[in-house]
Amino acid sequence: MLLLLVVLTGVLVFRIWAGKAEPKKEAATAPVDRAVHLTPQQEAYLPIWGREIARMLSENQGEEISRLHDYDAIVALTVEGIDDWEMRRQLDRATKFAVTAKAGGFLAKETGQSARFLRVCTRAGFPAVTLRMSYGIQQFAYMDVLLQPAGEQFRIVDLYDYVKGTRRTEDVSYAMVPLLISQKPQHESKWLEKWNLKKSDADYLVSLLKAKIKGMDEDVLTVCDQAPESMRDNRLVFFSRTQALQRLSLSNPRYERLYFESLQNPPAMPDTPQVLELLLVPKLLAASDYPAADAAMEKVMAVIGDDAQLLCMRAEIKFQRKEMVAAKALLQKAAELEPDLPLLEELKRELKFPQ
0 MLLLLVVLTG
10 VLVFRIWAGK
20 AEPKKEAATA
30 PVDRAVHLTP
40 QQEAYLPIWG
50 REIARMLSEN
60 QGEEISRLHD
70 YDAIVALTVE
80 GIDDWEMRRQ
90 LDRATKFAVT
100 AKAGGFLAKE
110 TGQSARFLRV
120 CTRAGFPAVT
130 LRMSYGIQQF
140 AYMDVLLQPA
150 GEQFRIVDLY
160 DYVKGTRRTE
170 DVSYAMVPLL
180 ISQKPQHESK
190 WLEKWNLKKS
200 DADYLVSLLK
210 AKIKGMDEDV
220 LTVCDQAPES
230 MRDNRLVFFS
240 RTQALQRLSL
250 SNPRYERLYF
260 ESLQNPPAMP
270 DTPQVLELLL
280 VPKLLAASDY
290 PAADAAMEKV
300 MAVIGDDAQL
310 LCMRAEIKFQ
320 RKEMVAAKAL
330 LQKAAELEPD
340 LPLLEELKRE
350 LKFPQ
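The numbering of the sequence shown is numbering that gives the first Met the number 0, which starts it at 0 and goes up by one.
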């Protein structure tokens, strides 16, 4: 997400602040049609498509994944709700550049060691497939890949990040708010009201975007820590700060403590199916706080459901809490779902589970 946001904002900031906006030549971006009602053939194809995109991600097939994106639909979702013609046009061009700047498009940043298809669902009115992305030992994330039918197949139109509880196009669109205001000051009150911001809030978000474009985590952290009272619980500010702390913690123990504290004190995010606790669990396990880790896992599984990786992690927690019956029941369920999961074999040996 950070790569996309930095590239997109960098391009758009240059066009706006350098006065490079081009004359009106193109029609406004057409709205995207949600496609909840699928044909029986399309419904049958969704799980097959989910497994295929997981295979492509696991094999790092960036060029093939790029061709699965519907870039016009991605742009349309990004500018959705923005009625200024010129800003829509600039966002259109900047977004297309950002999502095509690296092989893999929207999914480029998500390519890890492996991906696994979990289920079919609906997100924001679109059919979607849920994937588990693995990046190493107990380093993984969950996302929905939102789709739009294209004949007998599908095209990617958005991603839903379960940790943050937002869609990729929503994040980009909200990040553009201060730039909208800076380019069209005559419409300032309209934009401020639309996104429930004060003028000082918009000015602050501009400074945060500048810091993120520079790419210096220390600067991002400084700007986040200087947030006005009205922005302290802002989702964008919180995740910008948390991501900066996460990267800084890799080389400085002081930031590790601050990162842990940040995860423990998130802003209120009501009515959002998110699993921020997924980042907290490894920290709680390292601190041997098994009751808190168990409670965090319960919250994660309430959103994600019965995934083998989560079942194994919770089995390990139950084992540490001396709840052997519960631990073995969780491992049995994980074995039924994903018998080839590496963590499963490791825990079976540890718990002396029947092979």
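The C-beta atom is built at its ideal place from N, Cα and C for all residues, glycine as well. As the structure is a computational prediction, the values presented were derived from the model and not from experiment.
Pairwise C-alpha distance: residue j and residue i
i, j, result
"Asp-202", "Ala-307", "45 Å"
"Leu-207", "Asp-170", "14 Å"
"Met-55", "Thr-241", "30 Å"
"Leu-262", "Glu-151", "43 Å"
"Tyr-258", "Phe-238", "11 Å"
"Met-323", "Leu-329", "10 Å"
"Met-312", "Glu-335", "15 Å"
"Val-74", "Ser-172", "10 Å"
"Glu-51", "Ser-181", "43 Å"
"Ser-355", "Phe-125", "The shown model of the chain, from 0 to 354, leaves out residue 355, and the question about it has no answer."
"Asp-218", "Ala-210", "6 Å"
"Tyr-134", "Glu-58", "13 Å"
"Asp-216", "Val-222", "10 Å"
"Pro-177", "Ala-123", "25 Å"
"Ala-314", "Arg-87", "49 Å"
"Ala-127", "Leu-204", "31 Å"
"Glu-297", "Trp-84", "46 Å"
Endpoints, the beta strand (DSSP E) within which residue i is located
i, result
"Pro-148", "138 to 149"
Per DSSP, cross-strand counterpart(s) of residue i
i, result
"Phe-116", "Leu-130"
"Ile-155", "His-68 and Leu-146"
"Asp-160", "Met-142 and Thr-165"
"Glu-122", "Reading off the sequence shown, one finds Arg at residue 122, where the question assumed Glu. Bridge partners of Arg-122: Phe-125."
Residue i - containing alpha helix (DSSP H), residue span
i, result
"Tyr-173", "167 to 174"
"Gln-245", "234 to 247"
"Ser-206", "198 to 213"
"Ala-226", "Per DSSP, Ala-226 belongs to no alpha helix (DSSP H) and is neither H nor E."
"Glu-344", "341 to 349"
"Leu-278", "276 to 285"
Short CB-CB distance (under 8 Å) between residue i and chain B
i, result
"Gln-152", "Absent here is chain B; the protein component of the structure consists of one chain."
May I have a chain-ordered list of the alpha helix (DSSP H) segments no shorter than 4 residues that lie completely inside the segment 56 to 83? 61 to 65 and 70 to 77
Can you confirm whether the segment 292 to 311 touches the segment 260 to 271 when touching is taken to mean that 3 or more C-beta pairs between the two stretches lie within less than 8 Å? no
At a cut of 8 Å, does the segment 62 to 70 reach the segment 154 to 174 through at least three beta carbon pairs? yes
Whether or not the segment 159 to 177 and the segment 272 to 282 are in contact is what I'm after, with contact meaning three or more pairs of Cβ atoms, one per stretch, closer than 8 Å; do they touch? yes
Quick check: the segment 193 to 201 against the segment 211 to 229, are at least 3 beta-carbon pairs closer than 8 Å? yes
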